[in-house]
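S.K.:
Number of protein chains: 2
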Amino acid sequence: LARQKASKSRKVRIALDAMGGDHAPGEIVRGAVAAAERDGVELVLVGQDRVLRDELARYGVNNSNITIAHAEEVVAMDERPVPAIKEKRDSSIMVGIGLLAQGQVESFVSAGNTGAVMAAACLVLGKNRGLARPALGAVFPFPSGPVLCLDLGANPDCKPTSLVQFALMGSIYMQRIFNMESPRVGLLSSGEEDTKGSQLVQKAHKMLRKAKVNFIGNVEGRDIASGRADVIVTDGFTGNVLLKLGEGLGEMLLESLRKAVAANPDLKEAADLLEPTFRSVIGTLDYREYGGALLFGVNNNVIVAHGRSDAEAIKNAIIAAKRTVEQEVVEAITA
Amino acid sequence: LARQKASKSRKVRIALDAMGGDHAPGEIVRGAVAAAERDGVELVLVGQDRVLRDELARYGVNNSNITIAHAEEVVAMDERPVPAIKEKRDSSIMVGIGLLAQGQVESFVSAGNTGAVMAAACLVLGKNRGLARPALGAVFPFPSGPVLCLDLGANPDCKPTSLVQFALMGSIYMQRIFNMESPRVGLLSSGEEDTKGSQLVQKAHKMLRKAKVNFIGNVEGRDIASGRADVIVTDGFTGNVLLKLGEGLGEMLLESLRKAVAANPDLKEAADLLEPTFRSVIGTLDYREYGGALLFGVNNNVIVAHGRSDAEAIKNAIIAAKRTVEQEVVEAITA
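From first to last, the protein sequence lines stand for chains F and Z. For this note's numbering, count along the first sequence from 1 and bump the result up by 627. For this note's numbering, count along the second sequence from 1 and bump the result up by 627.
#1: Please report the residue range of the beta strand (DSSP E) in which H697 of chain F lies.
#2: Roughly how many angstroms separate the alpha carbons of V639 of chain F and L763 of chain F, rounded to a whole number?
#3: For the stretch 873-887 of chain F, enumerate the residues whose C-beta is nearer than 8 Å to any C-beta of chain Z, in chain order.
#4: Chain F partners of G824 of chain Z, CB-CB under 8 Å?
#5: Under 8 Å between the Cβ atoms of S825 of chain Z and P903 of chain F?
#6: Can you say whether Q729 of chain F is buried or exposed, counting buried as having 16 or more other CB atoms within 10 angstroms of its CB?
#7: Can you give me the C-alpha to C-alpha distance between A889 of chain Z and V774 of chain Z, rounded to a whole angstrom?
#8: Which two residues bound the contiguous beta strand (DSSP E) that contains P787 of chain F?
#9: Using the beta-carbon of each residue, which ones in chain F are nearer than 8 Å to A897 of chain Z?
#10: In chain order, what residues of the stretch 840-865 of chain F put their CB closer than 9 Å to some CB of chain Z?
#11: Starting from the beta carbon of P770 of chain Z, find every residue of chain C whose beta carbon is closer than 8 Å, and list them in chain order.
#12: Starting from L869 of chain F, find everything on chain Z with Cβ-Cβ shorter than 8 Å and list it in chain order.
#13: Tell me which same chain residues have a C-beta within less than 7 Å of the C-beta of K632 of chain F, skipping the five on either side of it?
#14: Looking at D913 of chain Z: is its Cβ nearer than 8 Å to the Cβ of E878 of chain Z?
#15: Can you tell me whether Q731 of chain F is buried or exposed? The criterion is at least 16 other CB atoms within 10 Å of its CB, across all chains shown.
#16: Who are E882 of chain F's beta bridge partners in DSSP?
#17: If you draw a straight line from the alpha carbon of G848 of chain Z to that of G780 of chain Z, how long is it in whole angstroms?
#18: Comparing alpha-carbon positions, which option in Z:R685, Z:P708, Z:G674 and Z:M704 lies nearest H697 of chain Z?
#19: Could you check how far apart the C-beta atoms of A944 of chain Z and G919 of chain Z are, in whole angstroms? I think they sit under 8 Å.
#20: Which chain Z residues are close to S907 of chain F, counting only those with a beta carbon under 8 Å from its beta carbon?
#21: Under 7 Å from any heavy atom of the ligand SAM, does the C-beta of M646 of chain F make it?
#22: Can you name the start and end residues of the beta strand (DSSP E) that R906 of chain F belongs to?
#23: Under 6 Å Cβ to Cβ from A887 of chain Z, same chain only, skipping five residues before and after it: list those, please.
#24: Around the C-beta of N891 of chain Z, are 16 or more other C-beta atoms found within 10 angstroms, so that it is buried, or is it exposed?
#25: My output table needs one value for G667 of chain Z: the three-state DSSP class, helix, strand or coil.
#26: 8 Å is my cut-off, CB to CB: does I960 of chain F come that close to chain Z?
#27: So what's K635 of chain F in DSSP terms, helix, strand or just coil?
#28: Counting contacts by CB-CB distance shorter than 8 Å, is L815 of chain Z in contact with chain F?
#29: In chain Z, which residues lie with their C-beta within 9 Å of the C-beta of G780 of chain F?
#30: Just reading off the beta strand (DSSP E) that V931 of chain Z is part of, what are its end residues?
#31: How is I851 of chain F classed by DSSP in three states: helix, strand or coil?
#32: Please name the residue or residues paired with V751 of chain F in a DSSP beta bridge.
#33: By the DSSP assignment, the alpha helix (DSSP H) with S719 of chain Z in it spans what residues?
#34: Below 8 Å between beta carbons: does that hold for L777 of chain Z and G854 of chain Z?
#35: Report all residues from its chain with a CB closer than 7 Å to the CB of V678 of chain Z; omit the five preceding and five following residues, and keep chain order.
#36: V956 of chain Z and I804 of chain Z: beta carbons closer than 8 Å?
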């Protein structure tokens with residue numbers, strides 16, 4: 628963060644899906660109120676007008692930085708994405724994406740149904756050629772430094788050219804957001820040697836050698852958190868499995884600690900003392916807790932936050948959206 | 628382990644690659660000596676006769692349960708597998724696999740060059756049709772129970788039928804070794820729904836529905852350690868990446884703890900108290916520390932231990948090999 632470019636002075640206008648997420652609209656509105664207290668951001672809450680007015684009234688907010696755009700319908704978290712966005716044209720997702728398409732806002736943030744947000748983004752905003760769906764990319768704040776991983780699940784089957792696209796888009800992102808001159812791009816594989824990995828990876832490897840990125844070659848699973856690369860490129864199947872393994876191992880660690888304390892109560896004090904450290908390690912693995920994921924490959928700024936987002940996570944996603952707009956990441960990628 | 632079948636009374640004869648591994652021959656021989664003190668195992672150390680005699684002399688061993696089979700050559704850990712086994716016919720790997728092929732031993736254990744062990748096993752012992760290479764499978768002792776994962780890296784590109792083979796072989800293994808009546812088989816995917824995942828996984832899913840295994844459907848990365856399935860089936864690319872991510876996250880956890888203690892020395896005592904718990908969680912992720920991996924799909928018992936194996940790991944691998952022989956796992960798989 629210390630290395631990011633100085634913020635421009637203008638305000639960034641962001642639409643927020645106030646009805647999307649497990650804790651909507653309460654936590655979403657609370658997060659919006661917290662974010663709107665900062666300088667440089669103007670929020671448009673998208674959702675049912677009467678509900679959102681009531682929510683805002685709770686905080687006694689009379690903040691000209693927050694307005695409401697009415698959307699009557701809500702896409703449920705478990706609804707099938709494509710039918711949902713086709714049938715619910717007046718949903719908070721479709722209205723929010725519409726505001727973005729019309730240029731009334733510069734970014735759209737949603738903790739709602741990820742598939743529906745992606746489908747709406749593809750349909751309304753358009754996506755880059757060669758991708759089945761926009762890639763989901765997120766920055767993990769590992770102790771060794773920030774690492775952008777993509778795709779985290781949108782494209783379960785990738786062509787070699789898709790992996791090269793991820794590398795190019797990811798490099799630009801890290802240049803713009805973290806001010807890295809020449810981000811090191813690693814291709815996730817089952818061995819470091821050029822000849823290791825699936826057919827997909829071997830083909831992508833050859834293409835990446837010629838691509839205009841700082842390609843450092845194959846990296847292995849253990850390198851994800853080691854700081855060897857700034858951008859890690861993989862297909863959406865592997866990315867999704869990895870992401871969820873990380874979450875599962877975090878839970879396993881906590882469970883093991885609980886069992887150890889249950890077996891030996893003398894350990895309780897030690898476990899309590901170290902709890903913030905564990906939480907921070909586990910939090911590192913859950914990208915959506917701290918700013919959400921960017922949809923790479925759509926022609927505008929769309930940020931997906933975790934379905935479980937609380938107010939703090941929403942605030943962070945809004946801040947991340949603001950930074951993405953200011954650094955003109957999507958413009959640079961599209962160019 | 629409590630549920631394993633009663634050991635048969637006969638001795639199991641096992642060949643051990645005494646020259647393979649980062650700490651060979653010292654730690655390998657030390658592990659052999661420890662294992663030979665147990666009943667029911669007879670070991671053949673394969674390697675340079677003069678070297679192994681000297682090593683055995685250190686322990687003042689005069690144990691009729693340990694003999695030496697001379698092999699003049701050694702395959703280095705970083706040597707290219709196929710040329711190595713073709714050129715070094717008198718290597719400890721080739722001689723050990725030869726003893727197995729001739730029926731002079733019932734199992735071969737090596738902490739040496741994994742690729743060379745696999746190549747030798749395919750060449751000399753033969754493998755099941757449909758596999759590019761024998762699958763590497765290992766049991767992870769998660770707090771929720773043992774979970775067999777395969778393939779962990781031998782087949783980076785799989786056909787749907789390979790994944791079905793893994794499911795069948797894995798089920799038999801868990802039935803025999805853990806006495807499970809009907810092991811639950813999960814297919815690793817990027818979502819629980821039948822339609823989620825790559826083309827490979829979607830095809831395998833349909834075939835597994837009809838296969839003679841207790842198929843519980845797709846499982847996600849977070850389910851690996853959750854106890855939802857007893858056998859987790861995946862292609863060797865994804866399996867390898869996962870395995871190494873687990874190792875990397877273990878290192879990250881230790882690194883974060885070190886940093887936390889460095890920043891706040893008051894935490895040192897707590898960290899020391901909980902260290903055995905961390906070590907055990909991290910150890911859980913490193914399968915080869917506790918018994919090695921079985922090569923699934925070759926027509927004999929070959930166990931691959933970690934290259935970094937110390938004497939304890941070697942002893943565990945020998946015990947695992949003995950159990951695999953006694954429970955006639957490979958015979959059941961081949962049948």
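Every residue gets a Cβ at the ideal spot worked out from N, C-alpha and C, and that includes glycine.
M.R.: Based on what the coordinates show:
#1: Working through the first sequence from its first residue, we reach residue 697 of chain F at position 70. Unbroken beta strand (DSSP E) run through H697 of chain F: I693 to H697.
#2: Translated into the one-based positions of the first sequence, residue 639 of chain F becomes position 12. Translated into the one-based positions of the first sequence, residue 763 of chain F becomes position 136. Their backbone Cα atoms lie some 23 Å apart in a straight line.
#3: G873, E874, G875, L876, E878, M879, L880, E882, S883, L884, K886 and A887
#4: Mapped onto the second sequence, residue 824 of chain Z falls at position 197. The contacting residues are P783 and F864.
#5: Translated into positions along the second sequence, residue 825 of chain Z becomes position 198. Translated into positions along the first sequence, residue 903 of chain F becomes position 276. No, these two residues do not count as a Cβ contact at 8 Å.
#6: As a position in the first sequence, residue 729 of chain F is number 102, starting the count at 1. Its Cβ having fewer than 16 others within 10 Å, Q729 of chain F is exposed.
#7: As a working note, residue 889 of chain Z is residue 262 in the second sequence. As a working note, residue 774 of chain Z is residue 147 in the second sequence. So the two alpha carbons sit approximately 36 Å from each other.
#8: Reading the first sequence from its first residue, position 160 is the one you call residue 787 of chain F. It is not in any beta strand (DSSP E) - P787 of chain F instead sits in the alpha helix (DSSP H) that spans P787 to F805.
#9: For the purposes of this step, residue 897 of chain Z is taken as the residue at position 270 of the second sequence. Result: E896, A897, A898, L900 and L901.
#10: E847, G848, R849, D850, I851, A852, S853, T861, D862, G863, F864 and T865
#11: Chain labels in this structure do not include chain C; the protein chains are F and Z.
#12: For the purposes of this step, residue 869 of chain F is taken as the residue at position 242 of the first sequence. Going along chain Z in sequence order, the residues near L869 of chain F (Cβ under 8 Å) are G848, V868, L869 and L872.
#13: Here the question's residue 632 of chain F lines up with position 5 in the first sequence. Caution is warranted here: a pLDDT of 45 is assigned to K632 of chain F, below 50, making its placement in the model unreliable, and the coordinate value is therefore given only provisionally. Correct list, in chain order: N806 and Q954.
#14: As a working mapping, residue 913 of chain Z is identified with position 286 in the second sequence. As a working mapping, residue 878 of chain Z is identified with position 251 in the second sequence. No, the Cβ-Cβ distance between D913 of chain Z and E878 of chain Z is not below 8 Å.
#15: For the purposes of this step, residue 731 of chain F is taken as residue 104 along the first sequence, with counting starting at 1. Exposed.
#16: As a working note, residue 882 of chain F is residue 255 in the first sequence. Its beta-bridge partners do not exist; DSSP assigns none.
#17: Taking the second sequence and counting its residues from 1, the one referred to as residue 848 of chain Z is at position 221. Taking the second sequence and counting its residues from 1, the one referred to as residue 780 of chain Z is at position 153. Answer to the nearest angstrom: the Cα atoms are 16 Å apart.
#18: Position 70 of the second sequence, counted from the start, is the residue given in the question as residue 697 of chain Z. Considering only alpha carbons, the answer is Z:G674.
#19: In the second sequence, the residue the question calls residue 944 of chain Z occupies position 317. In the second sequence, the residue the question calls residue 919 of chain Z occupies position 292. Yes, they are in contact, since the Cβ atoms of A944 of chain Z and G919 of chain Z sit about 4 Å apart, within 8 Å.
#20: Taking the first residue of the first sequence as position 1, residue 907 of chain F is located at position 280. Here the neighbours are S883.
#21: In terms of ligand content, the structure shown is empty, and the ligand SAM therefore cannot be addressed.
#22: As a working note, residue 906 of chain F is residue 279 in the first sequence. Counting along the chain, R906 of chain F falls outside any beta strand (DSSP E), though it belongs to the alpha helix (DSSP H) covering K895 to T911.
#23: Here residue 887 of chain Z refers to the residue found at position 260 of the second sequence. L894, listed in sequence order.
#24: Counted from its first residue, the second sequence places residue 891 of chain Z at position 264. Exposed: under 16 other Cβ atoms inside 10 Å.
#25: Working through the second sequence from its first residue, we reach residue 667 of chain Z at position 40. G667 of chain Z: coil per DSSP, three-state reduction.
#26: Taking the first residue of the first sequence as position 1, residue 960 of chain F is located at position 333. No - not a single Cβ of chain Z is within 8 Å of the one on I960 of chain F.
#27: Position 8 of the first sequence, counting from 1, holds the residue named residue 635 of chain F. Low confidence applies to K635 of chain F: its pLDDT is 48, below 50, so where it sits in the model is not reliable enough to give any reading.
#28: In the second sequence, counting from the first residue as 1, residue 815 of chain Z sits at position 188. Yes - at least one Cβ of chain F is within 8 Å of the one on L815 of chain Z.
#29: As a first step, residue 780 of chain F must be located in the first sequence, where it is residue number 153. Under the 9 Å cutoff, chain Z gives S817 and G818.
#30: The residue labelled residue 931 of chain Z in the question sits at position 304 within the second sequence. V929 to V931 is the extent of the beta strand (DSSP E) around V931 of chain Z.
#31: In the first sequence, counting from the first residue as 1, residue 851 of chain F sits at position 224. Looking at I851 of chain F - three-state DSSP - the assignment turns out to be coil, as it is neither helix nor strand.
#32: The residue you call residue 751 of chain F lines up with position 124 of the first sequence. For V751 of chain F, which the question treats as bridged, DSSP gives no partner whatsoever.
#33: Along the second sequence, read from residue 1 onward, the residue named residue 719 of chain Z stands at position 92. Element bounds for S719 of chain Z: S719 to A728.
#34: Here residue 777 of chain Z refers to the residue found at position 150 of the second sequence. Here residue 854 of chain Z refers to the residue found at position 227 of the second sequence. Going by C-beta atoms, L777 of chain Z is not nearer than 8 Å to G854 of chain Z.
#35: Position 51 of the second sequence, counted from the start, is the residue given in the question as residue 678 of chain Z. So the list reads P652, once near-sequence residues are dropped.
#36: Residue mapping note: residue 956 of chain Z aligns to position 329 of the second sequence, counting from 1. Residue mapping note: residue 804 of chain Z aligns to position 177 of the second sequence, counting from 1. Cβ atoms of V956 of chain Z and I804 of chain Z: closer than 8 Å.
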